[in-house]
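S.K.: Submitted below is the structure of interest, expressed as structure tokens.
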Amino acid sequence: LVLNFMHEGVNLQVSMPDPDAVVGATAVAGPRKAEAGNPMHLPTVVPGELLSYNVKIGDVLKAGDPLCVLESMKMEMKISVPDELDGMKVLDLPCKGRTKEKQGDI
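Now the structure itself:
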């Protein structure tokens, strides 16, 4: 991002990385954003903390089955497998339990 503004008659330019850019991060590098349109990514619907997964690597997902538990604003939410992920195999569990996730993170 490049920001241009004028302060007391002086033009200033500030550059910074785009905080919403999808970057090639690894699981140990911190949370990644789910790529829009990527059927292999499931973004969080609310900001919160991942408490636990109800699946493990190698499981085949079935629509409606429990996927994980999130905590947001002191409330636990059980997230079920959505219809579009039915029949897919779990390849990775990118978050560790009790990690804070922002809305849209994987």
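The sequence shown begins at 7 in my numbering and counts up by one.
All C-beta atoms in this analysis are idealised placements derived from N, C-alpha and C, irrespective of residue type, glycine included.
Remember, predicted model here, so these are calculated numbers, not experimental data.
How is D65 classed by DSSP in three states: helix, strand or coil?
M.R.: Against the sequence shown, residue 65 aligns to sequence position 59. Looking at D65 - three-state DSSP - the assignment turns out to be coil, as it is neither helix nor strand.
S.K.: Beta-carbon within less than 7 Å of K84's beta-carbon, same chain only, minus the 5 sequence neighbours each way: which residues are those?
M.R.: Counting from one through the sequence shown, the residue named residue 84 turns up at place 78. Cβ within range, chain order: P72 and V75.
S.K.: Taking only the alpha-carbon atoms, compute the straight-line gap between H13 and V51 and give it to the nearest angstrom.
M.R.: Taking the first residue of the sequence shown as 1, we reach residue 13 at position 7. Taking the first residue of the sequence shown as 1, we reach residue 51 at position 45. Approximately 39 Å between the Cα atoms of the pair.
S.K.: How many angstroms separate the CA atom of D174 from the CA atom of L48?
M.R.: In the structure as shown, the chain begins at 7 and stops at 112. Residue 174 is therefore absent and cannot be evaluated.
S.K.: Write down every uninterrupted run of the alpha helix (DSSP H) in the segment 42-99 whose length is 4 residues or greater and which is fully enclosed by it, in chain order.
M.R.: none
S.K.: Return the residue from the list G15, S86 and N60 that minimises the CA-CA distance to G103.
M.R.: Counting from one through the sequence shown, the residue named residue 103 turns up at place 97. Comparing C-alpha distances from G103 to each of G15, S86 and N60 shows the shortest one belongs to N60.
S.K.: The beta strand (DSSP E) that contains L9, what's its start and end?
M.R.: Along the sequence shown, one-based indexing puts residue 9 at 3. Segment V8 to H13, the beta strand (DSSP E) holding L9.
S.K.: Alpha carbon to alpha carbon, how far is M46 from N17?
M.R.: What you label residue 46 is simply residue 40 of the sequence shown in a count that begins at 1. What you label residue 17 is simply residue 11 of the sequence shown in a count that begins at 1. Each residue's Cα considered, the two are about 45 Å apart.
S.K.: Please say whether G54 and S78 have beta carbons closer to each other than 8 Å?
M.R.: Position 72 of the sequence shown, counted from the first residue, corresponds to residue 78. Position 48 of the sequence shown, counted from the first residue, corresponds to residue 54. Yes. Within cutoff.
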